[in-house]
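Enquirer: Please read through the structure below; I'll follow up with questions.
Residue numbers (our numbering), protein chains in the order written: chain B, 1 to 451; chain R, 452 to 968.
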């Protein structure tokens, strides 16, 4: 069809397309079986997966279990249970003037889907999109992030053992390989990555008019009002910030609050961090590591060049890929810490004197993936929700909007396009095709004759 | 009075566009387009625009392409009015937050989806239905609360200038602007950052638009085109099929994105089809179709020459029509039989009144032919046999599929309109238009209450197995505690209430009895 110059992956994509065209992935029973196989794959290899995550990021067992394995298993359960329901066409209400006609909307797979994973939740961010694509009846090629190499290699090893190897493939590739992969014609591309990666993927997709879902990132602001409960606010913000050592797309990136609120926040923060980690954070096994030397260097440089005041943490050790959970105050908007998504355990606090100032600050910047607001005063929270936009919002907690099954998860502007999770995953990977089935009856012909 | 937004191509175009986008963004940031009242007023004004300038608009498209009054009215202006009225009626409902069901494990949480407009939207119109394809997306964009730049197609220049003249008179110029220009100006316009781009155009231009959008990570809806195949089964009512197909081909002189492009059928069906079409064309347009005032003209010389060349180069047999007149930009409704897959007529979307017929000897052959080609915007299948229809519905994909008719799926209430693959990305019409132009923002509002905190606090370090199990259990069973109005839940709640009431009553009566003994 469209002429694509031959590259390293041309044959593989061609073979997957052949598998798709055979119609193998269309029956619901096939899709459900594949999802069940994926579930078995996770259950039978959970230790190996935890091990790989530990090697890639020194991810603690609890984090790897809850924020990767458990989410994967719960999503799988939901898709297995609801696959048939999701795939059912949407019927339209009967129209008396068109009583002899049937109109409905069919959910059809796109065909061959490419899933580009990310390294921070390497298993989750490859498999959660992939399972949605599988559920919708597509064939899928997964390209996990090479930066989480143990997880990537493990998926490349396991997937062919459990899933149909004609229809679902894992490709290991670095930057050049990924560029080649993108030169091929895909029917859908799902990418989790940074904003620059998102741009490059959409550019490549444009040459084949391939629709995309891009789960990107950015700086997710966290407004803390003086009316907040600082005990809970500190706990919830620091939990969101330091899980995965800050390497979460929806981690609270920076805090906006008044000096009074900052004082109360810091008082609680000191107590909480001591309670959680004790005195020696570096040897604490509950804390992961930075994914690689490049990112560690990047974060270290931020700490060295910030003009703010480090009030907690600040310790680094490049050999150990260690950046200590750190809080920095008196940060100005032109500080190095405010130039790009931190994606690390450094929490800058910027002073604002009202919620309106916070709104102005936020609106000057690219639209974030998540927006957080802490206030007992509901009016403050409502003001923020009404006067800003973001992928999602969570009030009085961080990351919690992920817990609600039934809410779409995705960004806007620089933080992404499209959404997924649950039914939204199924819909992301389905083409909604209008079907109109008219009759040949003379009655409908008479009715339509006016044309 | 709004500053004129009629720009000539050689002024400092790029700066002007940047200025327009900045101004609209400023207006958007002020929140002017957000209130329901504002959106309704603008939609009502748009409806009035069409109503009060009906004849003027019909005259403009007549000047552009000699579009018959009936077509301009039925297939553009009336559709616009219907869509505007529906949006006005439904908007309050559409704008409502989608609340998530109450969850017993998160009793104080409130979760919902809010619809945020994107901001500054760009709508690129097309020339074949110039009013419809600029203003119908506009209805959705306004309903969704955006500011909009409309760039109508320069090829339908009278319609474009009419839009540029009328929009500032009826709609708030601080929020809605029209930009005129050709390809170079459109490229300049696309250098700016828009928050959403909606374009109706060819596949080739669609790619350019998406490339430009990618630089700013702007989401897009692209309504493109391609060759929409028609399969006519031997087991069809050929008379009705031929009338419907030729109607779809003749409206707008074939310049419709969902026009039936070519036919696949057996030789015997082809023969009967051609016979019927001969009679039908005679009935509709008389001996000399060029004299009929019901037939539109080709939009411009460039497209005329393109079509004329395709006709000249065809190796098929012209069974009906084939007359062309460059002076009049007219091509008569033409059927070409014995067309092969390699024919000139099969190299591109025709977008004109030429209908090639290719021979297939089975539905399997037709299916193979269709699947070897780019995914079409529309697929048409004619058959009395429901199983044959299902065969094509199941085994193909396309923007839409219409059985036993053509084109009418567009404008069918409740059906989304859009393409797939080379024929497009995204869809619209009715509520789908509104949804195209809003961002679904998930919101969870929690509280600082200590209720449930024992569970929620299990996520904090120091990590231990017990806490892990608590959170895992919470995540696993959360959905069970969703209070949806399921019959089981309702029954259980009712029974619980009934039992409680009985228990309380019995308890009270016993107590009463005891007290009175």
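We put the beta carbon where it would ideally sit given N, CA and C, even for glycine.
Can you tell me where the alpha helix (DSSP H) holding residue 935 of chain R begins and where it ends?
Expert: Neither: residue 935 of chain R is in no alpha helix (DSSP H) and is coded neither H nor E.
Enquirer: Would you mind stating whether residue 28 of chain B and residue 87 of chain B have Cβ atoms separated by less than 8 Å?
Expert: Going by C-beta atoms, residue 28 of chain B is nearer than 8 Å to residue 87 of chain B.
Enquirer: To the nearest angstrom, report how far apart residue 324 of chain B and residue 269 of chain B are at their CA atoms.
Expert: C-alpha separation (whole angstroms): 14 Å.
Enquirer: Using 8 Å as the limit for Cβ to Cβ distance, is residue 198 of chain B near chain R?
Expert: With 8 Å as the cut-off, residue 198 of chain B counts as an interface residue toward chain R.
Enquirer: Please report the distance separating the alpha-carbon of residue 358 of chain B from that of residue 401 of chain B.
Expert: Answer to the nearest angstrom: the Cα atoms are 21 Å apart.
Enquirer: Counting C-beta neighbours from all protein chains within 10 Å, is the total for residue 860 of chain R 16 or more, i.e. buried, or is it exposed?
Expert: Looking at its Cβ environment, which holds 16 or more other Cβ atoms inside 10 Å, residue 860 of chain R is buried.
Enquirer: So with Cβ pairs under 8 Å, would you call residue 369 of chain B a contact of chain R?
Expert: Residue 369 of chain B does not count as touching chain R.
Enquirer: From the DSSP output, in three-state form, read off residue 32 of chain B for me.
Expert: Three-state result, residue 32 of chain B: helix.
Enquirer: Inspect the CB distances between the segment 656-667 of chain R and the segment 194-209 of chain B and report whether three or more fall short of 8 Å.
Expert: Flag = yes, the segment 656-667 of chain R and the segment 194-209 of chain B touch.
Enquirer: Which of the three DSSP states, helix, strand or coil, is assigned to residue 322 of chain B?
Expert: It is a strand residue.
Enquirer: Using a Cβ-Cβ cut-off of 7 Å (strictly less than) and excluding sequence neighbours within five positions of residue 463 of chain R, which residues of its own chain qualify?
Expert: Within the same chain, residue 463 of chain R has no close Cβ partners at all.
Enquirer: Considering Cα atoms alone, identify which of B:42, B:20, B:257 and B:181 is closest to residue 5 of chain B.
Expert: Looking at the Cα atoms, B:181 is the closest of the given residues.
Enquirer: Here's the rule: buried if 16 or more other CB atoms are within 10 angstroms of the residue's CB, otherwise exposed. What is residue 628 of chain R?
Expert: Classification of residue 628 of chain R: buried, given that the 10 Å Cβ count is 16 or more.
Enquirer: Anything in chain R within Cβ reach of residue 395 of chain B, meaning under 8 Å, just list it in chain order.
Expert: Chain R residues near residue 395 of chain B: 894, 895, 896 and 897.
Enquirer: Relative to the C-alpha of residue 585 of chain R, which candidate in R:500, R:604 and R:883 has its C-alpha closest?
Expert: With distances taken between Cα atoms, residue 585 of chain R lies closest to R:604.
Enquirer: Suppose you measure from the CA of residue 19 of chain B to the CA of residue 139 of chain B; what does that come to, to the nearest Å?
Expert: If you take the alpha carbons of residue 19 of chain B and residue 139 of chain B, they lie about 8 Å apart.
Enquirer: Identify every run of the alpha helix (DSSP H) within the segment 46-98 of chain B, keeping only runs that are complete inside it and at least 4 residues long; order them along the chain.
Expert: As far as the segment 46-98 of chain B is concerned, its whole alpha helix (DSSP H) runs of at least 4 residues are 46-57, 61-64 and 71-87.
Enquirer: Can you look up residue 392 of chain B in the DSSP assignment and give me helix, strand or coil?
Expert: Residue 392 of chain B falls in the strand class under three-state DSSP.
Enquirer: Can you give the beta carbon distance from residue 273 of chain B to residue 312 of chain B, rounded, assuming they're within the 8 Å contact cut?
Expert: Right, their Cβ atoms sit about 7 Å apart.
Enquirer: To which residues of the same chain is residue 452 of chain R closer than 7 Å at the C-beta, ignoring the five residues directly before and after it?
Expert: Low local confidence applies: a pLDDT of 37 at residue 452 of chain R is under 50, so the model's placement there is unreliable, with the coordinate-based value given in what follows. There are no such residues.
Enquirer: To test your reading of the DSSP string, which unbroken alpha helix (DSSP H) runs of 4 or more residues are found completely within the segment 417-448 of chain B?
Expert: The qualifying runs are 423-428 and 442-448.
Enquirer: Starting from residue 480 of chain R, trace the alpha helix (DSSP H) both ways and give me its first and last residue.
Expert: Segment 464-481, the alpha helix (DSSP H) holding residue 480 of chain R.
Enquirer: Any idea if residue 421 of chain B is buried or exposed, counting beta-carbon neighbours within 10 angstroms, 16 or more meaning buried?
Expert: When all chains shown are included, residue 421 of chain B counts as buried.
Enquirer: Counting pairs of beta carbons, one from the segment 865-882 of chain R and one from the segment 667-683 of chain R, are three or more of them closer than 8 Å?
Expert: Yes, they touch.
Enquirer: Residues of the segment 491-525 of chain R with a CB closer than 7 Å to any CB of chain C: list them in chain order, please.
Expert: No chain C is part of this structure, whose protein chains are labelled B and R.
Enquirer: CA-CA distance, residue 459 of chain R and residue 639 of chain R?
Expert: With a pLDDT of 47 at residue 459 of chain R, under the threshold of 50, the modelled position of this residue cannot be trusted, and the question is left open.
Enquirer: Chain R beta carbons: is any one of them nearer than 8 Å to that of residue 103 of chain B?
Expert: Chain R, which has a Cβ nearer than 8 Å to the Cβ of residue 103 of chain B, makes this yes.
Enquirer: I need the DSSP call for residue 342 of chain B, collapsed to helix, strand or coil.
Expert: Three-state result, residue 342 of chain B: coil.
Enquirer: Let me check one thing: in DSSP terms, what residues is residue 785 of chain R bridge-paired to?
Expert: DSSP lists R:805 as partners of residue 785 of chain R.
Enquirer: Using a Cβ-Cβ cut-off of 8 Å, state whether residue 429 of chain B counts as contacting chain R.
Expert: No, no contact with chain R.
Enquirer: Confirm, please, whether the CB-CB distance from residue 783 of chain R to residue 804 of chain R is below 8 Å.
Expert: For residue 804 of chain R and residue 783 of chain R, yes; Cβs fall inside 8 Å.
Enquirer: Relative to the C-alpha of residue 338 of chain B, which residue among B:153, B:78, B:152 and B:305 is closest?
Expert: That would be B:305, whose Cα lies nearest to the Cα of residue 338 of chain B.
Enquirer: Using the Cβ count rule (16 or more neighbours within 10 Å means buried), how would you classify residue 592 of chain R?
Expert: Buried.
Enquirer: Roughly how many angstroms lie between the CA atoms of residue 882 of chain R and residue 536 of chain R, to the nearest whole one?
Expert: One C-alpha to the other measures close to 12 Å.
Enquirer: Could you give the C-beta distance for residue 254 of chain B and residue 222 of chain B, rounded to a whole number, given that I count them as a contact under 8 Å?
Expert: Right, the Cβ-Cβ distance comes to about 7 Å (below 8 Å), so this counts as a contact.
Enquirer: So what's residue 183 of chain B in DSSP terms, helix, strand or just coil?
Expert: Note: residue 183 of chain B maps to helix in three-state DSSP.
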